[in-house]
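Following: one structure in structure tokens, then a few remarks.
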Amino acid sequence: MKGRVFSGMRPSGRLHIGNYLGALQNWVALQEEYQCVYCAVDVHALTTVQGEATKEIRSDIREMVLDWLAAGIDPQRSILFVQSHVPEVMVLHTLLSMVTPLGWLLRVPTFKERVRQMHETEEAVSYGLVGYPVLMTADIILYKADTVPVGEDQLPHLELAREIVRRFNHIYGPTFPEPQPKLTQAPLIIGLDGQNKMSKSLDNQVELAATEEETRQRVMQAFTDPQRIRRTDPGRPWVCNVYSLHKHFNPDKLDWVYEGCTKATLGCVEDKRLLAEGINCALAPFRERRRELEAKPGLVDEVLRDGASRAQEIARKTLSEAMERMGLR
Ligand code: ADP
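For the numbering used here, add 2 to where a residue sits in the sequence shown, where the first one is 1.
So, in structure tokens, the structure goes:
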């Protein structure tokens with residue numbers, strides 16, 4: 003029998019090439035080997051999105067799911083759904099919170115980092131933010147997923163999920179499989195500012211669904227080697243993010259670009275034009291598919307309804323088992 007993968011993404015609207023190379027591409031590939039459960043984690047989004055901004059969540063889900071489908075996530079083979087459409091996860095979260103020591107949560111390195119980023123104190127942040135890894139554990143084990151694709155930075159979260167599972171199983175008897183990490187060597191894509199991780203919140207991204215013209219305009223704003231001031235100055239491709247992006251989008255032209263840049267026969271403007279062309283060319287089939295999918299009214303809703311119903315069937319069974327173990331049924 004195939005193993006089961008669970009993975010989630012916050013509904014962040016249209017995805018960018020960092021999301022694709024760092025995560026989505028891998029999601030598509032995993033479908034060959036596993037039964038995959040892919041979730042738009044809208045409840046998780048509420049740890050940082052509040053008030054007026056929550057009005058965007060629904061359209062962000064739609065845009066993101068269109069990207070998933072256009073990239074090759076197959077709703078026949080995989081289960082695609084929205085976290086809050088299967089509310090059993092919130093019940094399981096409450097049950098798991100009864101066996102999770104607070105100290106474990108306060109020690110998670112990303113928790114301290116988040117608190118710092120929000121310019122808050124540990125006392126001031128929401129209870130939901132502290133409990134984020136418990137909800138993540140509930141997400142995974144509600145579907146009895148045995149495999150979770152993670153980057154190195156996510157390993158502490160998964161280790162915590164495994165500890166919660168071990169503790170639950172120890173107290174109430176074997177109920178959940180311990181989810182195993184599947185380490186993915188995903189590249190970290192730097193944004194057009196040449197410094198930070200590509201991210202929508204930093205506005206340094208190239209959207210997968212951008213038009214060819216938008217892509218050209220965005221890429222022309224990219225920072226290259228800051229020491230290359232005049233056209234005749236030789237460049238240093240090893241510090242230039244445009245060069246790094248060529249590795250993904252123009253792999254056959256790498257040597258030529260390297261030589262042209264270091265010998266100053268290729269200018270930055272021309273170099274960026276070449277990158278934009280490479281991106282447009284690589285994404286053309288994706289964009290074509292996305293346009294076709296967008297034109298089908300009700301498609302995303304239908305996919306998500308069907309996904310939620312398949313997910314809920316599994317979720318209900320798991321939850322009643324957990325409740326029974328805990329003396330609630
Ligand atoms: P999360 O869902 O973890 O809050 P995001 O919405 O930022 O994160 O991204 C969704 C997925 O895309 C995650 O798996 C994340 O690691 C990946 N990702 C995001 N930005 C980049 C990037 N610049 N380079 C590589 N991978 C990225």
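Backbone N, C-alpha and C fix where the C-beta goes; we use that ideal spot for every residue, glycine too.
To the nearest angstrom, report how far apart V301 and L26 are at their CA atoms.
By 1-based counting over the sequence shown, the position of residue 301 is 299. By 1-based counting over the sequence shown, the position of residue 26 is 24. It is Leu, not Val, that sits at residue 301 in the sequence shown. So the alpha carbons of these two residues sit roughly 20 Å apart.
How far does the beta strand (DSSP E) with P236 in it reach, from first residue to last?
Position 234 of the sequence shown holds residue 236. Where P236 is concerned, there is no enclosing beta strand (DSSP E), given that its DSSP letter is neither H nor E.
Chain-order list of residues whose beta-carbon lies under 8 Å from that of Q182 (same chain, five-residue window excluded)
Locating residue 182 in the sequence shown gives position 180, counting from the first residue. Leaving aside the five residues that flank Q182 on each side, the residues in its chain whose CB is nearer than 8 Å to its CB run, in chain order, D148, T149, V150.
Considering only the alpha carbon of each residue, which of M120, G105, S203 lies closest to V136?
Working through the sequence shown from its first residue, we reach residue 136 at position 134. If we check each option's Cα against that of V136, G105 comes out closest.
Whole angstroms are fine: how far does the CA of R233 sit from the CA of Y22?
The count along the sequence shown starts at 1 and reaches residue 22 at position 20. The count along the sequence shown starts at 1 and reaches residue 233 at position 231. When rounded, the distance between both Cα atoms is 33 Å.
Who does C41 pair with in a DSSP beta bridge?
Working through the sequence shown from its first residue, we reach residue 41 at position 39. Its beta-bridge partners are G10, F83.
Compute the Euclidean distance between the alpha carbons of L276 and C270, then round it to the nearest angstrom.
In the sequence shown, counting from the first residue as 1, residue 276 sits at position 274. In the sequence shown, counting from the first residue as 1, residue 270 sits at position 268. Near 10 Å, if we compare the C-alpha coordinates of C270 and L276.
Give a yes or no on contact between the segment 76-91 and the segment 296-310, applying the rule of three or more CB pairs nearer than 8 Å.
Verdict: yes, contact present.
Pocket of ligand 1 defined by Cβ to heavy atom distance under 5 Å:
M11, R12, S14, G20, N21, G24, A25, L190, I191, K199, M200
Taking G133 as the reference, which of T186, K114, V241 has the closest Cα?
Mapped onto the sequence shown, residue 133 falls at position 131. Nearest option by C-alpha distance: K114.
When you compare each of A140, R289, R12 to D44 by their alpha carbons, which one comes out closest?
Your numbering for residue 44 matches position 42 in the sequence shown. Closest by alpha carbon: R12.
What are the start and end residues of the alpha helix (DSSP H) that includes T264?
As a position in the sequence shown, residue 264 is number 262, starting the count at 1. Residues 256-264.
For a test of the three-state rule: what should DSSP assign to L97, helix, strand or coil?
Here residue 97 refers to the residue found at position 95 of the sequence shown. If DSSP states are grouped into helix, strand and coil, L97 belongs with the helices.
Do V36 and V7 have their C-beta atoms closer together than 8 Å?
By 1-based counting over the sequence shown, the position of residue 36 is 34. By 1-based counting over the sequence shown, the position of residue 7 is 5. A small correction: the amino acid at residue 36 is Tyr; Val does not occupy that position in the sequence shown. A contact, by the Cβ cut-off of 8 Å.
Boundaries of the beta strand (DSSP E) in which P111 is found, first to last residue:
Start at 1 with the first residue of the sequence shown, and residue 111 comes out as number 109. Element bounds for P111: not the beta strand (DSSP E) but the alpha helix (DSSP H), 111-119.
How would you write the range of the alpha helix (DSSP H) that G241 sits in, first residue to last?
Within the sequence shown, residue 241 is the residue found at index 239, counting from 1. The identity of residue 241 in the sequence shown is Val, whereas the question assumes Gly. Premise fails: V241 is in no alpha helix (DSSP H) and is neither H nor E.
Just the C-alpha distance for A126 and E279, rounded to the nearest angstrom, thanks.
By one-based count along the sequence shown, residue 126 stands at place 124. By one-based count along the sequence shown, residue 279 stands at place 277. For A126 and E279, the distance between alpha carbons rounds to 48 Å.
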